[in-house]
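Chains as they are written, first to last, in the working numbering: chain A, 8 to 209; chain B, 8 to 209.
What follows is the structure, given as structure tokens:
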């Protein structure tokens with residue numbers, strides 16, 4: 008998370024070098040944490056990293072993809088959300104918990120645990136995780152489930168609270184019997200909670 | 008978390024000195040983390056700290072009180088649980104969430120956040136927090152609510168997952184609108200979840 012511009016001559020950094028990638032990532036982390044995902048621009052990030060915006064796109068793709076690279080989330084929400092949302096509104100509880108367990112029980116879970124640990128210890132990472140949840144996951148879920156706009160943010164935050172607590176107790180604190188319960192037990196018990204938060208009366 | 012016996016002569020540590028307290032706490036932390044709350048004994052802890060067991064009781068009271076001192080939990084569950092359980096089984100959801108919010112919205116919440124942060128970063132603290140949850144809170148709740156023994160541990164762990172996730176999102180990650188929602192909103196939305204985990208069909 009170095010935020011200083013390097014004192015090296017600009018010509019000293021070759022466009023293809025790992026230095027350039029790192030400089031872009033460092034500038035992006037700072038921009039996203041300070042301004043939030045929506046207000047940060049690729050152009051500002053490129054300027055701070057002293058590279059051409061085209062190079063940012065070349066290395067990292069879209070602003071979303073650059074953001075995911077800075078947060079070091081081990082998953083791509085755009086790939087997972089279809090599985091969560093495919094069954095429609097009435098099955099979102101079960102499908103969300105099922106997908107969540109599948110990802111967390113895989114090697115990606117280790118990286119997820121590292122991210123949560125880091126977010127708990129650092130205001131900076133907490134802000135990044137909050138931006139990630141809000142802009143990359145919750146906003147998409149709200150849009151695709153066509154939730155009532157006045158209730159949607161609270162519903163989304165409630166869902167996040169139960170899923171985060173599940174991750175914490177099952178994978179980090181390792182509280183039994185949740186830590187070693189089979190996926191089906193967790194789905195059967197927690198899916199109704201998520202379903203109520205998503206579509207039930209509040 | 009020093010675990011070495013000090014090489015100083017035993018007569019060099021006066022019974023009333025802060026050193027003695029610290030030595031007892033260090034020995035207790037190690038004993039509880041290694042053997043768990045149930046298997047650790049005051050006698051073993053006194054031996055490791057090179058003091059008389061009576062001195063441990065003098066400083067810290069019961070084994071429970073010594074454990075609470077090592078975990079640095081800013082609350083005493085024995086004082087709070089009556090408020091949670093007073094309304095009986097059918098009101099435990101609302102009373103638990105109400106008590107939880109009251110404590111976390113108070114200065115004790117800052118210490119609680121520090122404990123959770125620490126538990127996320129350290130295997131050692133995670134183990135202590137797990138012992139605390141299991142032996143000081145969940146076991147009491149299970150006993151007092153007279154839960155079916157085969158289901159009780161899962162019910163207790165599910166409750167812990169939702170409450171931990173609420174603490175994380177409201178007080179640490181500060182996800183809106185949960186972070187600034189009035190207590191009544193949180194009680195209205197989360198109490199039914201806790202009630203189902205405690206007494207509903209699973």
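The beta-carbon is built from N, C-alpha and C at its ideal position, and this holds for glycine as well.
What residue 176 of chain B touches in chain A, judged by beta-carbon distance under 8 Å, is 164, 167, 168 and 171, going in chain order. The three-state secondary structure of residue 52 of chain A, taken from DSSP, is helix.
Contact between residue 152 of chain A and residue 99 of chain A holds: their C-beta atoms lie close to 6 Å from each other, under 8 Å. For residue 54 of chain A, the closest of A:30, A:76, A:41 and A:40 by C-alpha to C-alpha distance is A:30.
For a Cβ distance threshold of 8 Å, residue set 195 and 196 of chain A lies close to residue 209 of chain B, ordered along the chain. Sorting A:28, A:117 and A:40 by C-alpha distance to the C-alpha of residue 57 of chain A places A:28 at the top.
Here residue 24 of chain B is exposed. Its C-beta has fewer than 16 other C-beta atoms within 10 Å. Membership of residue 45 of chain B in the alpha helix (DSSP H) is indicated by the continuous run 25 to 46. Taking a cut-off of 8 Å on C-beta distances, the segment 162 to 181 of chain A touches the segment 105 to 120 of chain A, as three or more cross pairs fall below it.
The DSSP-derived three-state label of residue 98 of chain A is helix. With a threshold of 8 Å between beta carbons, residue 133 of chain A makes contact with chain B.
When DSSP states are grouped into helix, strand and coil, residue 58 of chain A belongs to the coil group.
Taking a contact as a CB-CB distance under 8 Å, the pair residue 183 of chain B and residue 164 of chain A counts as one, their CB atoms being some 7 Å apart. The criterion of a C-beta distance shorter than 8 Å is not satisfied by residue 136 of chain B and residue 123 of chain A. Among the CB atoms of chain B, one or more fall inside 8 Å of the CB of residue 183 of chain A. Sequence-ordered contacts of the segment 77 to 90 of chain A with chain B are nonexistent [C-beta pairs closer than 9 Å]. Along the segment 142 to 165 of chain A, the positions whose C-beta sits under 8 Å from a C-beta of chain B are 160, 161, 164 and 165, read in chain order. Per DSSP, the continuous alpha helix (DSSP H) segment holding residue 204 of chain B begins and ends at 190 to 206.
Just measuring C-alpha positions, the residue of B:206, B:72 and B:96 sitting nearest residue 86 of chain B is B:72.
Sequence-ordered contacts of the segment 97 to 110 of chain A with chain B are nonexistent [C-beta pairs closer than 8 Å]. Chain order gives no chain B residues near residue 205 of chain A, where near means a beta carbon separation below 7 Å; the closest approach is about 12 Å. Annotated three-state conformation of residue 167 of chain B is helix, per DSSP. In the structure shown, residue 69 of chain A adopts coil according to DSSP, grouped into three states.
Within 7 Å of the CB of residue 126 of chain B, the CB atoms of chain A belong to 180, in sequence order along the chain. Residue 44 of chain B and residue 138 of chain B do touch by the CB rule: their CB atoms are close to 5 Å apart, below 8 Å. Pairing residue 154 of chain A with residue 82 of chain A, the inter-Cα distance amounts to about 25 Å. Chain-order list of chain A residues neighbouring residue 136 of chain B: 180, by C-beta distance under 8 Å. Burial check for residue 168 of chain A: the Cβ neighbour count within 10 Å reaches 16 or more, so the residue is buried. Nearest in C-alpha terms to residue 50 of chain A, of all of A:60, A:133 and A:194, is A:60.
Looking from the CA of residue 94 of chain A, the closest CA among A:202, A:209 and A:162 belongs to A:202. Distance between residue 162 of chain A and residue 41 of chain B, taken at the CA atoms: about 41 Å. Chain order gives no chain A residues near residue 31 of chain B, where near means a beta carbon separation below 9 Å; the closest approach is about 26 Å. With contacts defined by Cβ atoms closer than 8 Å, residue 39 of chain B and residue 77 of chain B form a contacting pair.
Note that the C-beta distance between residue 200 of chain B and residue 192 of chain A is not below 8 Å. Neighbours of residue 54 of chain B in chain A, taken as residues at a C-beta separation under 9 Å, are lacking, since the least C-beta distance is about 30 Å. Counted as a single uninterrupted DSSP element, the alpha helix (DSSP H) harbouring residue 132 of chain B occupies residues 130 to 138.
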